[in-house]
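Enquirer: One structure follows; several queries about it will come next.
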Amino acid sequence: MTAGQGPGERTTASAERPGDHGVPVLGQLLVAHPRAVLETHARLGDATAVVALDQLLPVMRWLRDDPAAAFDMLMDATAVDWLPREPRFEVVYHLYSLARGHRLRVRAAVPEHPGQVPSLCDLWASANWMEREIFDLYGLDFEGHPDLRRILLYDDFEGHPLRKDYAKTRRQPLVGPRN
Amino acid sequence: MAEGARARPRSDLHAEHQVLNMGPSHPATHGTVKFLIELDGETIVDLEPQVGYLHRGFEKECESGSWYQAIPYTDRLNYNSAILCNTGYVMAVEKLLGIETPERCQWLRVLASELSRLGDHLTRCGAACLELQAMTPFLYGIEARELCWDLQEMLCGARVTSNYVRIGGVKHDLPEAFPAAYEEISAKIRTLLRDFERVVTRNRIFVDRLRDTGVISREDCLRYAVTGPVLRAVGVPLDLRKDEPYLVYDQVDFDVPVGEVGDNYDRYLVCVAEMHQSLRIADQCMARLGRLGPAPVDVDDPAVRWPAKGRVFTRMEEMIQQFKSVTDGPQVPAGEGYFAIESANGELGFYLVSDGGARPVKVRCRPPSFVHMAPLPLMVRGAMLADLIPTFDFLNMIGGECDR
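Same order as they appear, the protein sequences are chains W and B.
Per this note's numbering, residue 84 is the first one in the first sequence, and the count goes up by one each step.
Per this note's numbering, residue 12 is the first one in the second sequence, and the count goes up by one each step.
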């Protein structure tokens with residue numbers, strides 16, 4: 084692995100202050116939430132903001148409601164497992180604004196313990212199933228989610244398969260019909 | 012006894028709601044999904060879609076192979092439009108690599124994508140007719156799809172799992188007989204499409220089953236991140252081919268059809284109009300490819316695209332290069348990137364993370380089918396059980412893409 088990619092190294096290595104990189108919405112976000120945004124970049128044309136996990140909900144609410152941002156669609160939510168680095172996980176959200184036609188990626192580092200992330204279900208309905216999928220495959224807990232159950236796998240499945248320490252060859256116990 | 016039965020109050024008939032399990036393999040749905048339906052008589056009180064029956068660990072498999080080895084898995088996301096899935100993934104990798112493919116390659120990708128989209132919409136509309144008890148239009152639709160697949164077979168040797176698009180190029184250029192075959196087959200497809208529309212579009216039974224069923228509002232579409240024909244049917248002209256043009260979509264003429272009320276009939280009309288637009292784009296691609304003449308279809312970068320087979324078997328350097336490409340594949344610079352294309356169902360996005368090595372750290376597929384299943388209860392609550400069938404059909408949930 085090369086340096087400068089894991090969330091752990093990002094926080095120590097990013098000596099430069101977050102900037103707007105020529106993307107207006109990043110600049111406005113930095114003005115509105117200067118302490119919440121830890122890092123920004125616009126590499127490969129993808130505007131990205133890394134925010135502190137405890138500020139995720141207010142930042143997302145601002146991104147949805149502020150007319151300059153107006154992100155009315157949560158297109159995608161997923162997670163990345165950076166084992167063995169700390170904090171181990173990262174949640175990644177892709178926002179799209181139909182009103183303004185722009186996109187933004189928001190990331191937040193999540194430590195393995197307690198592995199809790201504030202749920203965005205109150206902001207965008209699409210977060211419901213996407214967060215269930217992250218819970219299912221990565222085992223992250225979404226605080227305030229109304230119905231946090233497995234979605235792609237069955238209830239008796241043991242472990243969370245997209246974690247890097249889940250071996251691809253691992254077998255699951257046979258489960259019978261339940262009545 | 013007869014006296015007692017007559018005295019029983021009528022409200023006893025449906026005193027309790029009934030729970031019905033529909034699926035995961037049901038003859039009236041073309042998708043592997045289970046619905047847990049709470050019914051009051053024949054009226055849907057509530058519905059819960061249960062997905063995941065076709066989960067096969069797409070993301071886990073991609074993370075354990077090289078960047079190249081994920082391409083065949085993307086074929087299996089959507090059996091109707093494999094080339095669109097190929098294109099989405101490959102262009103996301105190319106975004107990380109920072110390479111631009113040659114012009115001829117881009118036109119070939121657009122041509123193949125539109126044939127793929129056409130086949131996808133034909134299946135959606137044809138299968139919807141079948142599940143509404145109309146066998147004949149289904150056969151018209153499937154015959155036209157078979158013709159699309161004939162073209163696809165000429166292009167890449169496979170009818171369903173195309174594996175046509177490669178990182179930095181395509182498998183190969185058009186075969187010599189392709190332009191003539193395209194002329195003939197596209198005319199046949201147009202005839203079949205016209206017949207299909209004549210049988211279906213103003214058919215009283217079909218219209219009655221579709222009109223005002225499965226309605227979703229613009230606001231709910233946004234809240235649930237609904238894209239593609241379902242969003243366009245409510246009147247929002249969001250089409251990534253126009254709004255964030257990729258490949259050479261900015262050089263072709265086509266319209267983005269939209270609906271008005273967002274019911275199943277609007278979705279049907281949008282899909283039919285899009286099929287005509289796809290043919291229109293494909294015609295322009297053929298004309299442009301003819302004018303461009305012979306040109307390379309792969310990037311000239313030995314680190315990305317492996318050499319032609321003829322040279323591999325005759326020259327030493329190319330053979331080594333082929334060996335390196337097959338065992339390792341390209342090394343993708345560290346970073347993250349999200350690339351989305353307009354697939355037949357909506358926004359198909361790939362979020363890739365690389366640590367600079369030969370294997371991806373993360374391959375996330377943003378599947379429109381999965382996202383579109385979440386608001387299904389909204390569309391059918393309070394409707395009759397029979398209305399679930401067209402609504403589910405026009406969402407066009409593809410199990411392989413939804414469950415990955």
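All C-beta atoms in this analysis are idealised placements derived from N, C-alpha and C, irrespective of residue type, glycine included.
What residues in the region 228-251 of chain W bring their beta carbon closer than 9 Å to a beta carbon of chain B?
Expert: Taking 9 Å as the Cβ-Cβ cut-off against chain B, the residues of the region 228-251 of chain W that qualify are R233, I234, L235, L236, Y237, P244, L245, K247, Y249 and K251.
Enquirer: Check the Cβ of A151/W against every Cβ in chain B and list those closer than 8 Å, keeping chain order.
Expert: Correct list: empty, because the minimum Cβ distance to chain B is about 18 Å.
Enquirer: So is K253/B in contact with chain W if we call contact Cβ pairs under 8 Å?
Expert: No, its Cβ sits nowhere closer than 8 Å to a Cβ of chain W.
Enquirer: With three or more C-beta pairs closer than 8 Å as the rule, is the region 154-168 of chain B touching the region 178-188 of chain B?
Expert: Taking 8 Å as the limit for Cβ pairs, the verdict is that the region 154-168 of chain B does touch the region 178-188 of chain B.
Enquirer: Any C-beta of chain W within less than 9 Å: which residues of the region 357-376 of chain B qualify?
Expert: Flagged, chain order: E358, G360, Y362, V364, S365, D366, G367, G368, V372, K373 and R375.
Enquirer: What is the rounded straight-line gap between the Cα of E241/W and the Cα of Q255/W?
Expert: Taking the straight line joining both Cα atoms gives about 7 Å.
Enquirer: By alpha-carbon positions, which one of P38/B, K45/B, I196/B and E53/B ends up nearest to Q29/B?
Expert: Checking every option, the nearest Cα to that of Q29/B belongs to E53/B.
Enquirer: Candidates E72/B, D57/B and A284/B: which alpha carbon is nearest L396/B's?
Expert: Considering only alpha carbons, the answer is D57/B.
Enquirer: Out of E412/B, K373/B and G270/B, state which residue places its alpha-carbon closest to the alpha-carbon of A450/B.
Expert: The structure shown does not extend to residue 450/B, since chain B spans only 12 to 415, so no value can be given for it.
Enquirer: The beta strand (DSSP E) spanning P266/W covers which residue range?
Expert: Only positions 84 to 262 of chain W appear in this structure, which leaves residue 266/W out of reach.
Enquirer: Grab the span of the beta strand (DSSP E) containing D51/B for me, first residue to last.
Expert: Per DSSP, D51/B belongs to the beta strand (DSSP E) from K45 to D51.
Enquirer: Which same chain residues end up closer than 6 Å to G63/B when comparing Cβ atoms and leaving out the 5 residues on each side of it in sequence?
Expert: Answer for G63/B: D414, listed in chain order.
Enquirer: Along the region 67-79 of chain B, what residues have a CB closer than 9 Å to any CB found in chain W?
Expert: Here the close residues are G68, E70, K71, E72, E74 and S75.
Enquirer: With 16 other CB atoms within 10 Å as the buried threshold, where does V241/B fall?
Expert: Buried, because 16 or more other Cβ atoms sit within 10 Å of the Cβ of V241/B.
Enquirer: Given a cut-off of 8 Å, decide if C282/B and L88/B are closer than it, judged by their beta-carbon atoms.
Expert: Taking 8 Å as the Cβ cut-off, L88/B and C282/B do not qualify as a contacting pair.
Enquirer: Check whether the Cβ of V174/W lies closer than 8 Å to any Cβ atom in chain B.
Expert: No - not a single Cβ of chain B is within 8 Å of the one on V174/W.
Enquirer: CA-CA distance, P194/W and L166/W?
Expert: The straight-line gap from Cα to Cα measures roughly 11 Å.
Enquirer: In whole angstroms, give me the CA-to-CA distance for H287/B and R186/W.
Expert: Approximately 30 Å between the Cα atoms of the pair.
Enquirer: Return the CA-CA distance between S201/B and C136/B, expressed in angstroms with no decimal places.
Expert: Rather than Ser, the amino acid found at residue 201/B in this sequence is Arg. Straight-line Cα distance between these residues: approximately 15 Å.
Enquirer: With a CB to CB cut of under 7 Å and the five nearest residues on each side skipped, what residues in its chain are close to L204/B?
Expert: Excluding positions up to five away in sequence, the list reads A155 and M286.
Enquirer: Residues in the region 101-130 of chain B with C-beta within 8 Å of chain W's C-beta atoms, listed in sequence order?
Expert: Flagged, chain order: K106, L107 and G109.
Enquirer: Just to check my reading of the structure: G180/B and V310/B have Cβ atoms closer than 8 Å, yes? What is that Cβ distance to the nearest angstrom?
Expert: Right, their Cβ atoms sit about 6 Å apart.
Enquirer: Which chain W residues sit within Cβ distance under 8 Å of D7/B?
Expert: The structure shown does not extend to residue 7/B, since chain B is modelled only from 12 to 415, so the question has no answer here.
Enquirer: Based on the DSSP output, what are the partners of N32/B in its beta bridges?
Expert: In the DSSP output, where bridge partners are listed per residue, N32/B has L47/B.
Enquirer: For the beta strand (DSSP E) holding I352/B, just list the boundary residues, first then last.
Expert: Where I352/B is concerned, the enclosing beta strand (DSSP E) stretches over G346 to E353.
Enquirer: Does G128/W pass the burial test, meaning 16 or more other C-beta atoms within 10 Å, or should it be called exposed?
Expert: With fewer than 16 other Cβ atoms within 10 Å, it is exposed.
Enquirer: Once DSSP output is grouped into helix, strand and coil, what is the label at K320/B?
Expert: If DSSP states are grouped into helix, strand and coil, K320/B belongs with the helices.
Enquirer: Against chain W, does R392/B count as a neighbour if the rule is that its beta carbon must be under 8 Å from one of theirs?
Expert: It does not: the Cβ of R392/B has no partner Cβ on chain W nearer than 8 Å.
Enquirer: For D223/B, which residues of its own chain have a beta-carbon under 7 Å away from its beta-carbon, when the five flanking residues on both sides are left out?
Expert: Closer than 7 Å at the Cβ level, and outside the excluded window around D223/B, lie D274.
Enquirer: Under 7 Å, CB to CB, which of the residues in the region 213-240 of chain B have a partner in chain W?
Expert: The residues in question are L233, R234, Y235 and A236.
Enquirer: Could you compute how far the alpha carbon of L235/W sits from the alpha carbon of Q333/B?
Expert: Approximately 38 Å between the Cα atoms of the pair.
Enquirer: Across which residues does DSSP place K373/B in a beta bridge pair?
Expert: In DSSP, K373/B forms a bridge with V364/B.
Enquirer: In chain B, which residues lie with their C-beta within 8 Å of the C-beta of V163/W?
Expert: V364, V372 and K373, listed in chain order.
Enquirer: Would you say L249/B reaches chain W, if we count a Cβ-Cβ gap shorter than 8 Å as a contact?
Expert: By this cut-off, L249/B is an interface position.
Enquirer: Between G105/W, A152/W, A191/W and L109/W, which has its C-alpha nearest P170/W's C-alpha?
Expert: Checked all of G105/W, A152/W, A191/W and L109/W; the closest Cα to P170/W is A191/W.
Enquirer: Between R128/B and S289/B, how many whole angstroms is the CB-CB distance? I'm expecting something under 8 Å.
Expert: Correct: roughly 5 Å between the Cβ atoms.
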